[in-house]
Each structure stands twice: as C-alpha cells, then as structure tokens.
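Residue numbers (my numbering): 1 to 296.
By construction, the Cβ of each residue, glycine as well, lies at the ideal position given by its N, Cα and C atoms.
Predicted model only: the values in this text are computed from it and were never measured.
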Amino acid sequence: MAQYTIKQMELLSGIKAATIRMWEKRYTIFSPQRTDTNIRRYNDDDVRFIINISLLLKRGFRISKLANLSLDELSDIASKFVTDYKPGNNNIEPLVSATLEYNEAGILQPIIDSASKHGNEYTFEQLVLPFLKKLGDLWQTGAITTAHEHFASNVIRNHICTIYKNSIKPEIGKTSPIIFFLPEGEFHDMGLLYFAYIAKNAGYNTIYLGQSTPIEDVVKATKELKCKMVFTSFYSLVNTTPEEVIESFTTQLPNVHIIATGHALSEIEVPKTITYVSNAQDLIKVFGKLDPTMVQ
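Written out as structure tokens, the structure is:
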C-alpha cells in the first residue's frame with residue numbers, strides 16, 4: 001500500500017494541510033502512521049476518504065456529518081454526484097481517485113455519462129481538460145507517479161480516438177481534406193485529436209497524421225491531396241520554434257490556410273499567416289467564416 005505525506009493529501013484533495021490536521025484532532029478521521037522523525041504518513045484509504053470529503057463539501061455537506069461516516073458510506077454518497085457537471089463545478093475528484101487505483105472504468109464512466117448529458121465538447125473542456133491539468137500538477141509535485149499519469153492520459157487518449165473514429169464521416173471528395181499534424185519533435189497529440197474530432201463531426205474530411213511529422217512530409221501530403229487547409233498544435237517543441245515551422249510551411253505553400261493551437265503560441269506574437277484557436281467554439285467559428293472554396 002502506498003504512503004502519502006500531508007502535502008500530497010492537500011494536493012490530491014485541494015484541502016489545506018492545516019485543515020486536515022485540525023480535522024484529525026477534532027474528529028479523529030485519520031490515524032496516520034508516523035516516521036521516526038514524527039512525519040505523518042497516510043495510506044490509500046486515507047486518500048480516498050479525503051477526496052470523497054472534498055467532493056461532498058462542495059455539495060454543501062458539513063464535515064461534522066461526514067466525519068462520522070465510513071469510507072464505504074462516503075463513497076456511496078459521493079457516487080451520486082459524480083456526473084453532476086455544471087459550469088465551474090468540475091467533479092474531477094472521482095477521476096483522480098480512479099487514477100490512483102488504475103481503474104479505467106472509474107475514469108471513463110463519468111466522462112461517458114457527462115457526454116451523454118452535455119455532449120462531447122462540453123465534457124472535454126469542462127471535465128477532461130481540468131482533469132488533465134490536475135494530473136500534470138500532481139505529477140510535477142510528486143503526488144502521483146509517472147505510471148499514474150501515463151495510465152490516465154492513455155485512457156483519455158484512447159477514448160478520444162474512439163469518438164473520433166465513430167464521428168460523422170464525410171463522403172470522400174465531398175470536402176477538401178484538412179490535414180491534422182504535429183511538427184517534428186512534438187508528441188502531445190491529445191488536443192490535436194480532439195480538434196480533429198470537432199472538424200470531422202462538423203462534416204469535414206480530415207486526414208490525421210499525428211505526432212512528430214517532418215514538415216517536408218506534410219508539404220508533400222498537402223500537395224498530393226490538394227488540401228487548402230492544415231491544422232497543427234504547438235506545446236513543447238524541441239530544437240525549433242513555432243515561427244520556424246510556420247515560415248517553412250508558408251514559404252512552400254503560401255496559399256494553404258493554417259489553423260493552429262497550443263500554449264506555445266500564447267508566448268509569442270502569432271504570425272498573421274495563421275488563425276489561432278483555443279477551443280472548439282473558436283474552430284467552429286473559423287469554419288463558419290471560411291470562404292466556401294477553401295473546403296471544396
């Protein structure tokens with residue numbers, strides 16, 4: 001069974017360490033082990049307990065009532081709120097708990113349930129993205145391992161692949177293809193997959209090239225397919241810059257429309273030769289403003 005510091009408990013639950021200490025004294029909800037130097041060490045059940053408490057406190061429950069419940073009782077009550085997704089009310093606690101247990105269904109089911117109620121776009125931006133950001137923060141601070149982060153990220157990626165594959169497929173030749181690619185040295189393709197899904201679901205013919213694609217090969221494919229539009233993403237390029245990639249592409253294909261996303265673009269002055277989008281709504285707006293000849 002894994003062990004956690006009180007700082008890791010704070011990071012996992014969002015409840016301050018000082019509050020956790022106070023609850024220990026007032027309600028005896030935890031009995032952490034102590035190291036030889038008197039440092040608290042919590043176990044997996046303690047983490048599940050505090051994550052469930054965090055979720056239920058946001059729903060108006062009082063700690064004085066929750067402290068008297070068992071872990072099973074807490075989990076049963078918390079499960080009723082797992083799919084209650086509203087703006088500003090992202091229930092990522094169950095997803096974090098499922099990650100710690102390597103529970104694929106525990107990650108996927110809340111996402112699927114939310115999508116059935118609110119749609120894939122809402123779910124991705126209001127639940128999945130906050131969860132992925134939380135994962136990154138937890139990994140950087142050591143609250144979860146690389147194995148945890150890779151496991152959860154791949155569960156999410158596989159799910160996006162599935163909805164992309166199952167989305168509306170336009171007739172070949174009905175629209176000019178849009179190529180989706182990541183520049184060479186770029187491997188974070190989850191956002192690219194999501195935007196490809198948005199385009200495909202909107203009725204566009206998409207060609208997904210994926211991770212780390214040499215710009216020369218993208219140019220060649222664009223010419224062969226007679227594409228008038230490409231989509232790319234910049235997050236953590238190695239040995240090059242967004243400006244260099246864009247200049248290389250536009251020099252060879254000056255008449256092809258480039259749409260791009262990624263936080264690396266927020267750190268530079270976006271070249272006028274590209275259209276920057278930050279979410280699905282931005283991309284849909286771009287499609288609405290396109291010259292019809294761009295996709296015919």
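| Item | Value |
| --- | --- |
| Which first and last residues belong to the beta strand (DSSP E) in which threonine 206 is found? | 206-213 |
| Am I right that phenylalanine 181 and tyrosine 102 are in contact with their C-beta atoms under 8 Å? What's the rounded C-beta distance? | Going by Cβ atoms, the distance from phenylalanine 181 to tyrosine 102 rounds to 32 Å, so no, they are not a contact pair. |
| Considering only DSSP beta bridges, list what arginine 21 is partnered with. | Note: arginine 21 sits in no beta bridge, so no partner. |
| Quick check: what's the CA-CA separation for tyrosine 85 versus asparagine 91? | No answer about tyrosine 85 holds up, because its pLDDT of 49 lies below 50 and its placement is not dependable. |
| Can you say whether valine 277 is buried or exposed, counting buried as having 16 or more other CB atoms within 10 angstroms of its CB? | buried |
| Going by C-alpha distance, which of Ile179, Ala196, Tyr27 is nearest asparagine 166? | Ala196 |
| Among the residues of its own chain, which have a CB less than 6 Å from the CB of tyrosine 42, if the five just before and after it don't count? | Tyr4, Met9, Pro32 |
| Are valine 245 and proline 183 close, meaning C-beta to C-beta below 7 Å? | yes |
| Please report how far the alpha carbon of isoleucine 215 lies from the alpha carbon of asparagine 279, in whole angstroms. | 24 Å |
| Going by DSSP, what residues sit across from isoleucine 179 in a beta bridge? | Ile207, Val230 |
| Near valine 270, what residues of its chain come up, given a Cβ to Cβ distance below 7 Å and the 5 sequence neighbours on each side ignored? | Tyr276 |
| Go to histidine 150, then tell me how far its alpha helix (DSSP H) extends in each direction, as first and last residue. | 146-166 |
| What are the complete alpha helix (DSSP H) segments, minimum 4 residues, inside the segment 241-288? | 242-252 |
| Count the other CB atoms, across all protein chains shown, that sit within 10 Å of the CB of leucine 283; report buried if there are 16 or more and exposed otherwise. | buried |
| What is the rounded straight-line gap between the Cα of lysine 80 and the Cα of leucine 12? | 20 Å |
| Using the Cα positions of lysine 272 and glutamate 243, report the straight-line distance between them to the nearest angstrom. | 11 Å |
| Tell me which residues share the same chain as isoleucine 53 and place their Cβ nearer than 6 Å to its Cβ, disregarding the 5 neighbours each side in the sequence. | Leu66 |
| My understanding is that glutamate 125 touches leucine 135, with C-beta atoms under 8 Å, so please give their C-beta distance in whole angstroms. | About 16 Å separates the two Cβ atoms, so there is no contact after all. |
| Identify whether serine 13 lies in helix, strand or coil by the three-state DSSP scheme. | helix |
| Return yes when the Cβ of valine 155 is within less than 7 Å of the Cβ of isoleucine 107, no when it is not. | yes |
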